[in-house]
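Quick notes on the structure that follows.
Number of protein chains: 2
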Amino acid sequence: MPKRNSPCVAFQGERGAYSEIAACRFFGNSIELLPCESFDLVFKSVESQKADSGIVPIENSQAGCIHQNYDLLLKHRLRIVGELNLRVEHNLIGHPGVALNSIRMVFSHPQALMQCQGNTAKLKGVKIVAAYDTAGSVKKIKEERLLNAAAIASELAARTYGMKILKKGIQDNPENFTRFLVLRKTQTPPADANKTSLVFSLKNVPGALFRSLSAFALRDIDLYKIESRPLHGKPWEYFFYIDFAGNPKEPNCRSALAHLGEIATFLKVLGSYPRDARKL
Amino acid sequence: MPKRNSPCVAFQGERGAYSEIAACRFFGNSIELLPCESFDLVFKSVESQKADSGIVPIENSQAGCIHQNYDLLLKHRLRIVGELNLRVEHNLIGHPGVALNSIRMVFSHPQALMQCQGNTAKLKGVKIVAAYDTAGSVKKIKEERLLNAAAIASELAARTYGMKILKKGIQDNPENFTRFLVLRKTQTPPADANKTSLVFSLKNVPGALFRSLSAFALRDIDLYKIESRPLHGKPWEYFFYIDFAGNPKEPNCRSALAHLGEIATFLKVLGSYPRDARKL
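Residue numbers (my numbering), protein chains in the order written: chain A, 1 to 280; chain B, 1001 to 1280.
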């Protein structure tokens, strides 16, 4: 890996993205940031060692999973080495000096628009416009001097582009969290790892999922989450993603993985890492 | 229910949407169609009997679940009475007489854009723009006379708006299916129902999910699918959605539901309906 004075962290989106906030929260402020156009490029940047680490959102407490990143975890040879739960606060952001009642258009990522649907519906005569990015929407209305437009994004995005928060905290549900995963090109889990993520597939026979979960239940290993993802090219067959308590250095977890290996047609450990128990 | 000559079916999107194709495939062509702006309005239209039935996408073989519709199933008092698997073929659609190499912008729903990412990346010097709707994008480029723009949508959308298919089948993966659910305001399942959908939540204790699945596995009842959804306002607690083979009129399914009822903190049957075993 090329030597750097400060670690370089890749994330998806423009400067001011929620992923940038997550990166600084996890690594501190003395990092280099590598904004990437897509999640795929985040994975590729870490794989090619252009960046030391990557950080990607995997799950939102309101909208559910960011499925694309589950697929990318499967495709790329990176390991999850950490996680971070971030409270998401969306803000309505416009040009300085512009009043809320002169806003006629609101831009943001469809996910953010969905999370603010109730509150934006109260803004009369306003057109909601889907965009690729939250922070990118702030950049857009600034660069294109759209004085009657606002964007939904983070406070950091408003600061980054010298724009003004017209309305703070406009998400419909105040309990809005996103879980981020930290990725590295390594095979060694952190010493204090107490949570493991894996993916497996099963023969399509009755009771297969039940038998696979017995590998954990019979050893009193707690599951944090289960997610099924369609297998590309095989409609209605699934990969299962599981997060469990423990790490494969513990004998009972090692046994559970060996047991699951007997049942599964495919099994890949995605990483072991310290659990972020904060709800913030 | 108000008497109508032909059944009225609500769907989300503009005329020409994939949901409209699904509605005609399921009910035949002698139906009235009620296009709705949002999925929420589809549910509300059926609940208020403005429409006899509604049809909504629930899962795509590439992109995964349409989570919002899982949440709406929980919120509204409708029953699933049918399902339909539709092969999705995306097309690049432009104005008649316009050549493919003069296209500079491509509009569509982010989901459709994602499914065509590989192929649209091959179009040189083209800007990809997210929009709310596939068929709505065709309507937009027609009404705004955007001659150097194309939209990604169904063949029906091209026909509906008198536009031309510039490139047929531009999705990256030809095996692209969407499963639609048919909803009604009824408590009576169809006589030939052989598949049941339900949602439940569990105490957050080790082995809870395993014990809940035992209700099915111990009775040799096949599970088609499991999906976990975050509980709104309770970060990192989950609802589980399950589809299983059978219907509650069968004694073993009735017993499984009673057994699951002992374990679950919440349980709701969303409907029993004939399974669509077609992959096309």
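Idealized CB from N, CA, C, for every residue including glycine.
* Pull up the DSSP beta-bridge partners for Thr970/B, would you. => There is simply no residue 970/B to check, as chain B begins at 1001 and stops at 1280 in what is shown.
* Measure the Cβ-Cβ separation of Met1163/B and Ile1093/B and say whether it is below 8 angstroms. => The count along the second sequence starts at 1 and reaches residue 1163/B at position 163. The count along the second sequence starts at 1 and reaches residue 1093/B at position 93. With respect to the 8 angstroms criterion, Met1163/B and Ile1093/B are classified as neighbours on the basis of their beta carbons.
* **Nonlocal neighbours in the same chain, by C-beta distance under 8 angstroms from Gly97/A, ignoring five residues either side** => Here residue 97/A is taken as the residue at index 97 of the first sequence, counted from 1. Closer than 8 angstroms at the Cβ level, and outside the excluded window around Gly97/A, lie Lys164.
* Asked: How do the segment 63-71 of chain A and the segment 1062-1070 of chain B stand: do at least 3 beta-carbon pairs fall below 8 angstroms, yes or no?
  -> With three or more CB-CB distances shorter than 8 angstroms, the segment 63-71 of chain A counts as touching the segment 1062-1070 of chain B.
* Cross-strand partners of Ile1226/B (DSSP beta bridge) -> Sequence index remark: in the second sequence, residue 1226/B carries index 226 (1-based). Partner(s): Ile1242/B.
* Inter-residue Cα distance where the pair is Ser1214/B and Leu1270/B -> If you number the second sequence from 1, residue 1214/B lands on position 214. If you number the second sequence from 1, residue 1270/B lands on position 270. If you draw a straight line from the Cα of Ser1214/B to the Cα of Leu1270/B, it comes to about 20 angstroms.
* First and last residue of the uninterrupted beta strand (DSSP E) at Val46/A -> Locating residue 46/A in the first sequence gives position 46, counting from the first residue. It is not in any beta strand (DSSP E) - Val46/A instead sits in the alpha helix (DSSP H) that spans Phe39 to Glu47.
* Ignoring anything shorter than 3 residues or poking outside the segment 91-147 of chain A, list the beta strand (DSSP E) runs there in chain order. => Listed in chain order, the complete beta strand (DSSP E) runs (minimum 3 residues) inside the segment 91-147 of chain A are 91-94, 105-108 and 127-130.
* Using the beta-carbon count (16 or more within 10 Å), is Gly1013/B buried or exposed? -> The count along the second sequence starts at 1 and reaches residue 1013/B at position 13. Buried is the call here.
* Neighbourhood of Asp1222/B by C-beta distance below 7 angstroms, restricted to the same chain and skipping five residues each side -> Within the second sequence, residue 1222/B is the residue found at index 222, counting from 1. Taken in chain order, the residues that qualify are Phe1244 and Ala1245.
* Own chain residues within Cβ distance below 8 angstroms of Glu1089/B, not counting five before or after -> By one-based count along the second sequence, residue 1089/B stands at place 89. Correct list, in chain order: Ser1154, Glu1155, Lys1168, Gly1169, Gln1171 and Asn1176.
* Report buried or exposed for Asp133/A, applying the criterion of at least 16 other Cβ atoms within 10 angstroms of its Cβ. => By one-based count along the first sequence, residue 133/A stands at place 133. When all chains shown are included, Asp133/A counts as buried.
* Kindly confirm or deny that the segment 260-278 of chain A and the segment 192-201 of chain A touch, where touching means at least three C-beta pairs closer than 8 angstroms. => At 8 angstroms Cβ cutoff, the stretches touch.
* Starting from the C-beta of Glu37/A, find all residues in its chain whose C-beta is less than 8 angstroms away, skip the five residues before and the five after it, and write them out in chain order. => In the first sequence, residue 37/A corresponds to position 37, counting from 1. Leaving aside the five residues that flank Glu37/A on each side, the residues in its chain whose CB is nearer than 8 angstroms to its CB run, in chain order, Gln12.
* Using the rule of at least 16 other Cβ atoms within 10 Å of the residue's Cβ for burial, across every protein chain shown, is Ala1264/B buried or exposed? -> Within the second sequence, residue 1264/B is the residue found at index 264, counting from 1. By the 10 Å Cβ count, Ala1264/B comes out buried.
* Which of helix, strand or coil DSSP assigns to Ile165/A -> Translated into the one-based positions of the first sequence, residue 165/A becomes position 165. Collapsing the DSSP output to three states places Ile165/A in a strand.
* Asked: From the DSSP output, which residues share a beta bridge with Glu237/A?
  -> Working through the first sequence from its first residue, we reach residue 237/A at position 237. For Glu237/A, which the question treats as bridged, DSSP gives no partner whatsoever.
* **Backbone CA spacing between Ser48/A and Leu231/A [nearest angstrom]** => Residue 48/A sits at position 48 when you count from the first residue of the first sequence. Residue 231/A sits at position 231 when you count from the first residue of the first sequence. Roughly 27 angstroms between the two C-alpha positions.
* To do: Quick one: give me the first and last residue of the alpha helix (DSSP H) that Glu1032/B is part of.
  => Here residue 1032/B is taken as the residue at index 32 of the second sequence, counted from 1. For Glu1032/B, there is no enclosing alpha helix (DSSP H); the residue is found in the beta strand (DSSP E) stretching over Glu1032 to Cys1036.
* To do: Determine the DSSP secondary structure at Glu1271/B, reduced to helix, strand or coil.
  => Residue numbering aside, residue 1271/B sits at position 271 when the second sequence is read from its first letter. What sits at residue 1271/B in the sequence shown is Gly, not Glu. Here Gly1271/B sits in strand by DSSP.
* To do: Could you have a look at Ser6/A and say whether DSSP puts it in helix, strand or coil?
  => Counting from one through the first sequence, the residue named residue 6/A turns up at place 6. Coil, per DSSP.
* Asked: Could you check where the beta strand (DSSP E) with Ala1017/B kicks off and where it finishes?
  -> Mapped onto the second sequence, residue 1017/B falls at position 17. Unbroken run through Ala1017/B: none, as it is neither H nor E.
* To do: Classify Gly1054/B as helix, strand or coil using the three-state DSSP reduction.
  => Here residue 1054/B is taken as the residue at index 54 of the second sequence, counted from 1. DSSP places Gly1054/B in the strand class (E or B) of the three-state scheme.
* Pick out the complete beta strand (DSSP E) segments inside the segment 1178-1206 of chain B, 3 residues or longer, and give them in chain order. => Listed in chain order, they are 1195-1201.
* Relative to chain B, which residues along the segment 205-230 of chain A have a C-beta separation below 9 angstroms, given in chain order? -> Cβ contacts with chain B: Val205, Pro206, Gly207, Ala208, Leu209, Phe210, Arg211, Leu213, Ser214, Phe216, Ala217, Leu218, Asp220, Ile221, Asp222, Leu223, Tyr224, Lys225, Ile226, Glu227, Ser228, Arg229 and Pro230.
* **Leu1280/B, DSSP secondary structure in three states** => For the purposes of this step, residue 1280/B is identified with residue 280 of the second sequence, where counting begins at 1. Residue confidence is low: Leu1280/B scores 45 on pLDDT, short of 50, so the model does not pin down where it sits. Its coordinate-derived value is still stated next. In the three-state reduction of the DSSP assignment, Leu1280/B falls in the coil class, being assigned neither a helical nor a strand state.
* Asked: At which residues does the beta strand (DSSP E) containing Ile1152/B begin and terminate?
  -> Residue mapping note: residue 1152/B aligns to position 152 of the second sequence, counting from 1. Looking at the DSSP string, the run of the beta strand (DSSP E) that includes Ile1152/B is Ala1149 to Ala1153.
* To do: Compare the C-alpha of Tyr161/A against each of Ala135/A, Phe180/A, Phe43/A and Thr186/A and name the closest.
  => Residue 161/A sits at position 161 when you count from the first residue of the first sequence. Shortest Cα-Cα distance from Tyr161/A to any of Ala135/A, Phe180/A, Phe43/A and Thr186/A involves Ala135/A.
* To do: Express the C-alpha separation of Val1199/B and Pro281/A in angstroms, rounding to a whole number.
  => Since the displayed chain A opens at 1 and closes at 280, residue 281/A lies outside it and no answer follows.
* Hey, Ala1130/B and Leu1146/B are a contact pair by Cβ (cut 8 angstroms); roughly how many whole angstroms apart? -> Sequence index remark: in the second sequence, residue 1130/B carries index 130 (1-based). Sequence index remark: in the second sequence, residue 1146/B carries index 146 (1-based). The Cβ separation is near 15 angstroms, so there is no contact.
* Can you give me the Cβ contacts of Ser102/A inside the same chain, cut-off strictly under 8 angstroms, excluding the 5 residues immediately before and after it? => The sequence position of residue 102/A within the first sequence is 102, counting from 1. These residues qualify, in order along the chain: Leu147 and Asn148.
* Are the C-beta of Leu1135/B and some C-beta of chain A separated by less than 8 angstroms? -> Here residue 1135/B refers to the residue found at position 135 of the second sequence. It is Ala, not Leu, that sits at residue 1135/B in the sequence shown. By this cut-off, Ala1135/B is not an interface position.
* To do: Please state if the CB of Ala150/A and the CB of Val182/A are separated by a distance shorter than 8 angstroms.
  => Here residue 182/A refers to the residue found at position 182 of the first sequence. Here residue 150/A refers to the residue found at position 150 of the first sequence. For the pair Val182/A and Ala150/A, the CB atoms are not nearer than the 8 angstroms cut-off.
* Asked: How about Val1138/B and Gly1028/B: are their beta carbons less than 8 angstroms apart?
  -> If you number the second sequence from 1, residue 1138/B lands on position 138. If you number the second sequence from 1, residue 1028/B lands on position 28. For Val1138/B and Gly1028/B, no; Cβs fall outside 8 angstroms.
* Bridge partner(s) assigned by DSSP for Gln1171/B -> Within the second sequence, numbered from 1, the residue matching residue 1171/B stands at position 171. In DSSP, Gln1171/B forms no bridge with anything.
* To do: Closer than 7 angstroms by C-beta to Phe216/A: which residues in its own chain qualify, once you throw out the five before and the five after it? Chain order, please.
  => As a working mapping, residue 216/A is identified with position 216 in the first sequence. Only residues of its own chain outside the window of five on either side were considered, and among them Leu223, Phe244 and Ala256 have a CB closer than 7 angstroms to the CB of Phe216/A, listed in chain order.
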